[in-house]
Structures are given as structure tokens and as C-alpha cells.
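K.L.:
Just dropping this structure here.
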Amino acid sequence: MKSPKLPFLSMPNRSIPSKPAFALSNLHSLNQTMKALTALLAVLLVASCATNKVKVVNQTGGGGKTTSGVELKLVKMIPPAYPPEARKAGLKGVARVALTVQPDGSVSDLKVVQSAHPTLDQFALQAVSQWKFKPYTPVDGKLERVSFPFTFMLN
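Numbering (this note's numbering), first residue to last: 43 to 197.
If you want it as C-alpha cells, here you go:
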């Protein structure tokens with residue numbers, strides 16, 4: 043038995059470019075684009091909280107400096123969900139959560155410093171416990187402590 047005749051495939055002629063497609067001169071433009079995308083991500087994360095009917099006010103502004111001069115940058119923000127049972131019960135209010143940002147960017151020592159309602163407070167704590175900041179070097183060995191208000195509101 044004869045093997046079937048296969049079509050002949052030819053490779054297209056491609057020339058190798060004299061300059062690479064990505065040049066070092068493009069790094070500044072890429073850096074600016076990444077900064078813009080990071081800012082957009084922060085806006086979208088806060089906007090996603092609005093769809094959950096939870097408003098988050100980022101006290102660091104996504105890249106603000108603390109009173110000690112340390113720049114804290116939020117890189118992972120999980121918005122709290124509005125608990126269905128709280129919505130059904132008509133619970134609303136502001137829960138303010140204070141936290142310590144560790145040098146590796148993780149958060150610790152979470153504490154509700156202003157209570158909306160125990161149920162809402164727990165959802166705010168649960169969300170903030172998953173947040174991550176860009177690692178930083180503490181000034182004089184002092185860790186940074188910040189707080190964030192979460193406004194739970196009903197339409």
C-alpha cells in the first residue's frame with residue numbers, strides 16, 4: 043500500500059529585523075503605562091466596592107506617604123461583600139479598621155476602631171485581612187499603622 047501524497051508546505055521568507063522590537067528607549071513609556079494601569083486598577087477596585095454597596099476610602103490614596111515619610115502602596119485590595127443577612131436586616135453604617143503594615147507588605151493587628159454593626163465589622167475585617175501592600179523599609183524600626191473606613195449603605 044502506498045502512503046498518501048502529502049502537500050508540500052513552504053515557509054514564508056522572513057527577514058530578521060535590524061533592531062529589536064523592544065528597545066530600551068521604550069522603557070520610560072512602558073513605565074508610564076504601567077503607572078497608569080496601576081492607578082486604573084485602584085479606581086476599578088474602589089468602583090467594584092460600589093457595586094457591592096460598600097464604599098472604601100483608601101487613606102493612603104494608593105500611593106501616599108505616611109507621617110513618617112514611608113510611601114505605602116496598596117497592591118492587593120479585596121473589597122468587603124455586603125452580607126445578604128445584613129442587607130435583609132437593613133444594617134448600614136461605617137466600620138473603620140486600623141491595621142499595621144508589616145515590612146513585607148502583609149497586614150497584621152487588625153482592629154475595628156469604629157463599629158457599624160458586629161456583622162458588618164466582621165466582613166470588613168475579613169476583607170482587609172487579605173490585603174497586601176508593597177514591601178517597605180520602616181523608618182527608625184517603626185511599623186506603619188493606618189486605618190480605612192468602610193461605608194456599608196443601602197439604596
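Backbone N, C-alpha and C fix where the C-beta goes; we use that ideal spot for every residue, glycine too.
Given the structure is predicted, the values throughout are model-derived calculations rather than measurements.
Specify, as a first and last residue, the run of the beta strand (DSSP E) that Val136 falls within.
P.N.:
Unbroken beta strand (DSSP E) run through Val136: 135-143.
K.L.:
Could you tell me whether the Cβ atoms of Ser148 and Lys184 are closer together than 9 Å?
P.N.:
No, they are not a contact pair.
K.L.:
Considering Cα atoms alone, identify which of Leu167, Gly135, Thr161 is closest to Ser150.
P.N.:
Of Leu167, Gly135, Thr161, the residue nearest in Cα terms is Leu167.
K.L.:
Can you tell me which of Asp163, Lys115, Pro121 puts its alpha carbon nearest to the alpha carbon of Gln172?
P.N.:
Measuring from the Cα of Gln172, the nearest candidate turns out to be Pro121.
K.L.:
Take Pro180 as the anchor and find which of Pro145, Thr161, Pro125 has the nearest alpha-carbon.
P.N.:
Nearest C-alpha to Pro180: Pro145.
K.L.:
Does the Cβ-Cβ distance between Val170 and Val139 come in under 9 Å?
P.N.:
Closer than 9 Å, so yes.
K.L.:
Under 6 Å Cβ to Cβ from Ala158, same chain only, skipping five residues before and after it: list those, please.
P.N.:
Taken in chain order, the residues that qualify are Gly135, Val136, Ala137, Phe194.
K.L.:
On the DSSP letters alone, give me the boundaries of the alpha helix (DSSP H) that Asp151 sits inside.
P.N.:
Per DSSP, Asp151 belongs to no alpha helix (DSSP H); it is in the beta strand (DSSP E), 149-156.
K.L.:
Helix, strand or coil for Thr25? Go by DSSP, reduced to three states.
P.N.:
Given a span of 43 to 197 for the chain in the structure shown, any question on residue 25 remains unanswerable.
K.L.:
Assuming the contact rule is C-beta atoms closer than 8 Å, Ser110 and Val155 should be a hit. Round their C-beta distance to whole Å, please.
P.N.:
Not confirmed; about 19 Å, so no contact.
K.L.:
What residue range is occupied by the uninterrupted beta strand (DSSP E) comprising Lys118?
P.N.:
Run containing Lys118: 116-118, per the beta strand (DSSP E) assignment.
K.L.:
What is the residue span of the alpha helix (DSSP H) that Pro126 lies within?
P.N.:
Here the alpha helix (DSSP H) through Pro126 covers 126-131.
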